[in-house]
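Quick note on the numbering used here: the sequence shown kicks off at 3 and runs consecutively.
All residues carry an ideal CB built from backbone N, CA and C; glycine is no exception.
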Amino acid sequence: MGKRILAQRKGRGSLPFRSPSHRHIGNGVKYKPFKKNEKLFKFTVLDFIHSPGRGAPIALIQYDNGEKGYWLPPEGVFIGQEFTQSKTGYGQPIEVGNIIPLKKMPLGTLVFNIESTPQDGGKFARASGVSAIVRNKSGNKVELLFRSKKTKWINEKCLATVGVVAGGGRTDKPFLKAGNKFHYIKSKAKKWPVVRGVAMNAVSHPY
């Protein structure tokens with residue numbers, strides 16, 4: 003009796019290829035949305051949490067109204083530090099960790115967790131050690147230069163965090179042992195180890 007080849011099992015989505023989402027922390031870790039007449043949030047960092055399947059750490063924060071949430075922190079942040087999330091950016095300092103609109107960012111500023119459209123919570127530059135550079139401004143658009151050397155024009159009202167995502171240099175440390183690689187891959191929706199196609203029988207490989 004034949005067996006499904008690897009590509010077919012990936013498409014089926016059986017257990018080895020299914021992400022353990024029940025272990026993941028935070029629902030995407032987005033910015034807190036502004037309600038009517040809300041223009042500024044202040045929050046304090048309470049703790050740093052490891053989220054399985056994610057390279058960057060997650061910060062547990064508490065807003066000034068007592069509500070708690072999750073935040074993607076920049077490098078250099080410590081517990082007890084206070085930051086602001088501003089809808090307009092007026093009067094807010096350009097400091098690492100503050101969340102302000104792109105229109106208030108000076109040229110050359112490093113930013114991350116950038117919104118694609120206003121109030122979507124953050125879409126771009128969210129991996130550990132990643133950031134984008136504010137490169138140009140024209141009309142109501144801001145040009146950003148990403149690490150891939152690609153550029154993108156984004157609405158000036160979109161929010162972004164000043165700084166670089168924490169956890170940079172994570173990939174510089176080698177795994178050293180197969181067991182370390184096993185536990186790393188287990189938290190992701192991947193199959194490991196992967197057998198080379200040339201080492202398979204003809205029936206196990208489509209090429």
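- Under the DSSP definition of a beta bridge, residue 121 lacks any partner.
- Residue 162 sits in a strand when the DSSP states are folded into three classes.
- When only Cα atoms are considered, residue 13 and residue 128 end up about 27 Å apart.
- Between the region 185-200 and the region 150-163, the count of C-beta pairs closer than 8 Å stays below three; the two stretches do not touch.
- Exclusion of the five residues before and after residue 118 leaves 125, 126, 156 and 160 as the residues of its chain whose Cβ lies within less than 8 Å of its Cβ.
- Shown here, residue 43 sits in a strand according to DSSP, grouped into three states.
- The beta-bridge partner set that DSSP reports for residue 87 consists of 43 and 101.
- Taking a contact as a CB-CB distance under 8 Å, the pair residue 130 and residue 168 counts as one, their CB atoms being some 7 Å apart.
- In the three-state scheme derived from DSSP, where H, G and I count as helix and E and B as strand, residue 203 is classed as coil.
- The bridge partners DSSP lists for residue 142 come to none.
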